[in-house]
Amino acid sequence: CLMFMWATSPHLDQAIELLKAWGFSWATVGFVWDKQKVNPGFYTMSQVELCLIGKRGKIPKPRGARNIRQMVTMMRGKHSAKPEEVRKRIEEMFPEQSKLEMFARSSADGWDVHGNEVEADVELD
3 CLMFMWATSP
13 HLDQAIELLK
23 AWGFSWATVG
33 FVWDKQKVNP
43 GFYTMSQVEL
53 CLIGKRGKIP
63 KPRGARNIRQ
73 MVTMMRGKHS
83 AKPEEVRKRI
93 EEMFPEQSKL
103 EMFARSSADG
113 WDVHGNEVEA
123 DVELD
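In terms of the numbering used here, the sequence shown opens at residue 3 and continues consecutively.
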């Protein structure tokens, strides 16, 4: 099972702790989103967000595309909305696996979603 999780650079350590608390081990940074707009940062001007990959067990089979690029360069949209391009790339990598987006802002074909801004497909206990 794989988990893709967004994190900002200043909160990277907290994101990795959460990933582990949910039973996943750290794998890598899957995507780097260049938002094309600079914001004040703690040390440098911040303009990227990271999509981390955590894994539990083996990488799901069958694999799809293996030539997926890590860098995504797109203007940011609404507050906290993530680029649709990343979702498409994940689908190319793992076309047949079940997918769940937590904290979703919108629904998407082929994905279960849960969040306070979307009608949830799943119930959480």
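Glycine residues also receive a C-beta, built at the ideal position from the N, C-alpha and C atoms.
Because the structure is a prediction, the values reported are computed rather than measured.
Report the start-end ranges of each beta strand (DSSP E) in the segment 53-108 that is 3 residues or longer and not cut off at the edges. Qualifying beta strand (DSSP E) stretches, in chain order: 73-75, 102-104.
Quick one, which of Met104, Met5, Glu125 has its alpha-carbon nearest leucine 54's? Against the sequence shown, residue 54 aligns to sequence position 52. Checked all of Met104, Met5, Glu125; the closest Cα to leucine 54 is Met5.
Serine 48 bridges to which residues according to DSSP? What you label residue 48 is simply residue 46 of the sequence shown in a count that begins at 1. Answer by DSSP bridge pairing, in chain order: Asn41.
CB of cysteine 3 within 8 Å of CB of proline 64, strictly: For this step, residue 3 is matched to residue 1 along the sequence shown. For this step, residue 64 is matched to residue 62 along the sequence shown. Not closer than 8 Å, so no.
Count the C-beta pairs between the segment 72-88 and the segment 41-48 that are closer than 8 Å, then say yes if the count reaches three, no if not. With a cut-off of 8 Å, the segment 41-48 and the segment 72-88 do not count as touching, because too few Cβ pairs lie within range.
Mind checking glycine 56: buried by the 16 CB within 10 Å criterion, or exposed? Locating residue 56 in the sequence shown gives position 54, where the first residue counts as 1. Result: buried.
C-alpha gap between leucine 14 and alanine 106, whole angstroms: For the purposes of this step, residue 14 is taken as residue 12 along the sequence shown, with counting starting at 1. For the purposes of this step, residue 106 is taken as residue 104 along the sequence shown, with counting starting at 1. Computed Cα separation, rounded: 20 Å.
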